[in-house]
Each structure stands twice: as C-alpha cells, then as structure tokens.
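Following: one structure in structure tokens, then a few remarks.
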Amino acid sequence: MKPAAEQFAPALEQTAIELPRIPVLQNVGAQAATNVDELRQALTAQLYESVQWTKTLQYLQDEGIEYIVECGPGNVLTNLAKRLPNIQKALPLDSQSRLEDALNTVLAAEGKSA
C-alpha cells in the first residue's frame, strides 16, 4: 500500500481540508490531528501503517469517553471496546436501524429525545 500512499499524498495536498469541529482520532497515532498538515499525514499513513487500536482505546479511556460508535460493517471493534471499564455503551452502526438505536441510546442518556 506504500506505493498507493505515495500517489495519494500529492492528491490530498491539492484537496481543501479543514480540521473537523470535533476531534477525529487517527488510528496510526492514536490521537486527533491538531492541524491540517497532521490530518493529511495521518490520512496518508493509514493506507500502509499498522492500526494502533489498543493505544486508541487507551486514549479514549484516558479522555473519559463513555460512548463509542463504530461506523461500517461488522462489530469487532465494538466488542473490543466493551472491555474498557469506563465505556458505558459501544454501538455498531452497520445499518439504518442500528444508527437510529444508537442515536436514541445516546439521547436518552443525555435526557433528550429524538
């Protein structure tokens, strides 16, 4: 995948990117990018570097995160996240109904409704 990353990086440099309004963790470094250059580097590196899932989970735990949402098919990462002591709920989003369930779960925990 390194050759693909070498082709991807210049294209990404030409793409207008803004930092997300909420932190988005990069699995290659187990942290959120703090500037656009870091974000570009992480997006490129994720094509060929190892995923730092254990470190990512530790970061989430250290930050006091209580809810984890896994986007995409499957629920392997959700099941791993459930092992963390402070995670109240790990929610897979692999269908429209699960998305709605996750939204309702989080809103209910916050005392709100959809």
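Per the working numbering, the sequence shown starts with residue 3, numbered consecutively. Backbone N, C-alpha and C fix where the C-beta goes; we use that ideal spot for every residue, glycine too. On a predicted model such as this, the values are computed, not experimentally measured, just so you know.
With DSSP collapsed to three states, give me the class of L86.
Coil at L86, not helix or strand.
To test your reading of the DSSP string, which unbroken alpha helix (DSSP H) runs of 4 or more residues are found completely within the stretch 35 to 79?
The stretch 35 to 79 contains these whole alpha helix (DSSP H) runs: 38 to 47, 55 to 64.
Would a check of beta-carbon distances place A34 closer than 8 Å to chain B?
Judged by its chain identifiers, the structure shown contains no chain B, having just a single protein chain.
Rounded to whole angstroms, what's the CA-CA distance from A110 to E72? Just pull it up for me.
Each residue's Cα considered, the two are about 19 Å apart.
Close Cβ partners of L149 (< 6 Å) along its chain, the five nearest in sequence each way excluded
No answer is possible for residue 149: it lies beyond the span of the chain, which begins at 3 and ends at 116.
So, for Q98: in the same chain, excluding its five sequence neighbours on each side, which residues have a beta-carbon less than 7 Å away from its beta-carbon?
Closer than 7 Å at Cβ, skipping near neighbours: no residue.
Looking only at C-alpha atoms, which of L93, V78, E40 sits nearest to I70?
When only C-alpha atoms are compared, the closest one is L93.
Measuring straight from C-alpha to C-alpha, what distance separates L62 and N29?
Computed Cα separation, rounded: 12 Å.
The beta strand (DSSP E) enclosing A94, as first and last residue numbers:
Reading the sequence as shown, one finds Pro at residue 94 and not Ala. Its beta strand (DSSP E) spans residues 91 to 95.
Range of the contiguous alpha helix (DSSP H) that encloses N29
Taken as a continuous stretch (DSSP letters only), N29 belongs to no alpha helix (DSSP H), as it is neither H nor E.
Could you say if the stretch 31 to 50 and the stretch 7 to 14 meet the contact criterion of at least three C-beta pairs nearer than 8 Å?
Result yes; three or more Cβ-Cβ pairs closer than 8 Å.
Between the CA atoms of L105 and L95 - distance to the nearest angstrom:
Near 10 Å, if we compare the C-alpha coordinates of L105 and L95.
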